[in-house]
Amino acid sequence: MRRTIETAPRDGNVIIVEDDARGTYDVVHWSAETGEWVGENGEPTKIAPSHWYPMPRENFLKQEQGLDVSTSPSRAGPPTSRARRYGFLPFSPRRTAPQRPTTKDVIAPRSVASATPTTVATVKAQATAAEAKRRPHARRGFATSPIAATLLAAAFIGMYFHAEVAAYAARYPGLQDIFKQEIQASRDWRKTNLSALQRRAEGDHASAQPVLEAAAVKQAVAASVPDAQQSLGKEQRAEALAKELAEARHTIDGLNLQLRTEAATSAQLLEREHGKAAALVQEATAARQELAASAGQHRHAVEEERARSVALASELAMARREIETNAALLNKARDDAAQFKQSGEKTTAELQKERDRAEASSRELAIARREIETNVALNKARDYAAQFKQAGENTAAELQQERDRAEASSRELAIARREIETNAALLNEARDDAAQFKQTSERVTAELQQEHDRVEALASELAKARREVETQAAQLRKADGEAAQLRQAAASATAELQQSLQQERNRAEAMARDLEATRRTLDGRAAPEHAANSQSAEVTPAAEATATVQPATTEPQGSPEAARLIARASALLGQENIGAARIVLERAAEMGSAQASFMLAETYDPIILSAWGTYGTRGEASKAREFYAKAQAGGIQEAKDRFSALR
């Protein structure tokens, strides 16, 4: 019966082991010295046993250990370990056991030509001595009958097992060498022991010769009785011979009884041997069936494993192709996400730039508001001066005209204020739109990060089993749909942001145009009044001198716009608004103003920024050197020293 290797006996008995994975077999026994399964040559087995089978006829050998085989040295079998391991009986089917002398040979009369002419006393003494020698030798002779019966039974069993071993060796070709060696050793052992048994039987036959001689003596005595009766006396001789004959008959009866007992015992032993042989036949048949079933199961298992391996290989190839496809889709999704992230960052940067420009525009509006208020105050001062100078000269109509002009200026100022308020409202609206766009961008960025995390989780789960791959594929398709939706939403949001950005730019340009028109109107009004009124002309340069800064004096007379921008930038620098001042100075520098380039270089100079004590504004030495070089080319000598300090 096939059993797992954990239940195999480890007492030195030989068993058949099986490697279920390879379908190979080997005959081994457990070695206590090395702690592993070894073969007959003492080397470890080369297979990894998973199951084992008991050796055929193992049970029969265990039963045979209780028989009379070990009672005498001449009838002892092979060593116990060999008999236990390989189960070969030490008898050859081709040789018959030596036959002991039969009862006929022992008690058969032998014809004697003539009796020895001895006296009755001499004959009696010889008969008594012969009888004493005959009894143990007779017992020894009868004791050979179990040996003959055992040898006969062993011959039949050996014939059966010879065929059985041959069939077993044919089924397992790898074990033929071991079986041949053991069969040859068993044959040699049987020859040696059978020779010893034959010599023993011949010795027993030789020792039985005195018994035969004693029988012949008795016959001779019986033949010489009449002569003895005649010489010694009929009655005494008859009584003595009768006693001797009675004793001889008694002895012969005992020998016959012992012979029948031995024959019955031999018959029982023979029946037992037949029963054991039948049991061995059944066990061998069961072993053959079990081995055939096991071989069929192994072949079926091997076929199933091969089919399973082919199926697994195909599934593995499909899974690899799916993983490669999903990896390509994942890489594409990552590229799309990266592009979308870059576009979002670009849009955010543009929005921040427009926001800075809007803030600069708002600051310019504040400066323009203050300039308008200053101009209104100057106009009022001019009006008061004109009224004070021409009080006696001008008529009431002129005074009314001046009042109408003042009211018109007030109305224009109110209109300008309303426009400024409208622009401020539009700017606040633009700020709100920018805040909403920022929130939308942050939300889209968060969703993109979540989508990125989800895609990474899907990528890590792609290495699992087939169902997980299918689940991940479904999740990936879902993620692609969501990504498409996000891309559409982001595209629409980007379009809306670009539209809002364009609207904000248009509003800022409109505000700049309105502001420029208002300034030109104010400047056009101030010019005639400056030509008509000399006192107002004296006051105006002083006011303008207080409103502008010293660097404006270095500008040429043909660039009033650059001077105005420099004055505005100076005001912004006074408010520590470096970013807005940079924007205004960049416009002035584009007009070719060297002073604007010098002031713009100062806003990027780390040394100047540290001296001003500004925080949150990063200096850039490369840009500072660039603008210092432009200022030096424009004629500002101080820019050379600043440029050298930055090296």
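Just so you know, we're using UniProt numbering here: the sequence shown kicks off at 1 and counts up by one.
Where is the CB? At the ideal position from N, CA and C, for every residue including glycine.
Since we're looking at a predicted model, the values are computed, not measured.
Query                                                                                                                                                                      : Result
Taking Cβ to Cβ, would you say S570 is nearer than 9 angstroms to M599?                                                                                                    : yes
Measuring straight from C-alpha to C-alpha, what distance separates V584 and E509?                                                                                         : 15 angstroms
Compare the beta carbon distance of A611 and D356 with 9 angstroms and say whether it is the shorter of the two.                                                           : no
Jot down the residue ranges of each uninterrupted alpha helix (DSSP H) in the region 244 to 318, minimum 4 residues, whole runs only, in chain order.                      : none
Rounded to whole angstroms, what's the CA-CA distance from Y615 to Y604? Just pull it up for me.                                                                           : 13 angstroms
Just to confirm the assignment, what range does the beta strand (DSSP E) spanning T24 have?                                                                                : 24 to 31
Which value, in whole angstroms, describes the spacing of the CA atoms of E283 and E273?                                                                                   : 15 angstroms
Under the three-state reduction of DSSP, which class applies to I16: helix, strand or coil?                                                                                : strand
Is E36 helix, strand or coil when you go by DSSP?                                                                                                                          : strand
Measuring straight from C-alpha to C-alpha, what distance separates A267 and R260?                                                                                         : 10 angstroms
Just tell me which of E6, Q637, R431 has its CA closest to the CA of S361.                                                                                                 : R431
Residues in the same chain with beta-carbon distance under 6 angstroms from G12, minus the five sequence neighbours each way, listed in chain order, please.               : H29
Does the contact criterion of 3 or more C-beta pairs under 8 angstroms hold for the region 408 to 426 versus the region 369 to 380?                                        : yes
In this structure, how does DSSP classify R418 when only helix, strand and coil are distinguished?                                                                         : helix
Looking only at its own chain, which residues have a Cβ that is under 7 angstroms from the Cβ of P597, when we skip the five neighbours before and after it?               : One point to set straight first is that residue 597 is Ser, not Pro, in the sequence displayed. Here the set comprises A589, F627, K630, A631, G634.
Quick test of your reading: L462 and Q472, contact by CB under 8 angstroms. State the CB separation rounded to the nearest angstrom.                                       : 6 angstroms
For Y53, report the span of its beta strand (DSSP E) as first-last.                                                                                                        : 51 to 54
Please report the Cβ distance between Y53 and R22, rounded to the nearest whole angstrom; I am assuming they are in contact, meaning their Cβ atoms lie under 8 angstroms. : The pair is not a contact, with the Cβ atoms about 16 angstroms apart (cut-off 8 angstroms).
Measuring alpha carbon to alpha carbon, tell me which of G613, A594, E304, L458 ends up nearest Q637.                                                                      : A594
Here's the rule I'm using: 16 or more other beta-carbon atoms within 10 Å means buried, otherwise exposed. How should M318 be labelled?                                    : exposed
Could you give the first and the last residue of the continuous alpha helix (DSSP H) run that contains A567?                                                               : 560 to 574
If you run the structure through DSSP and keep just helix, strand and coil, what is T617?                                                                                  : coil
Mind checking whether T565 and I607 have CB atoms under 9 angstroms apart?                                                                                                 : Residue 565 is actually Leu in this sequence, not Thr. Not in contact: L565 and I607 (Cβ atoms no closer than 9 angstroms).
Relative to the C-alpha of I578, which residue among V38, Q297, E305, E359 is closest?                                                                                     : E359
Less than 9 angstroms separating the beta-carbons of R568 and I367?                                                                                                        : yes
Have a look at N506 and N428 and give me their C-alpha separation to the nearest angstrom.                                                                                 : 15 angstroms
For R466, does the count of other Cβ atoms within 10 angstroms reach 16, so buried, or fall short, so exposed?                                                             : exposed
Could you check if V310 is buried or exposed, using at least 16 other CB atoms within 10 Å of its CB as the buried criterion?                                              : exposed
For R2, which three-state DSSP category applies?                                                                                                                           : coil
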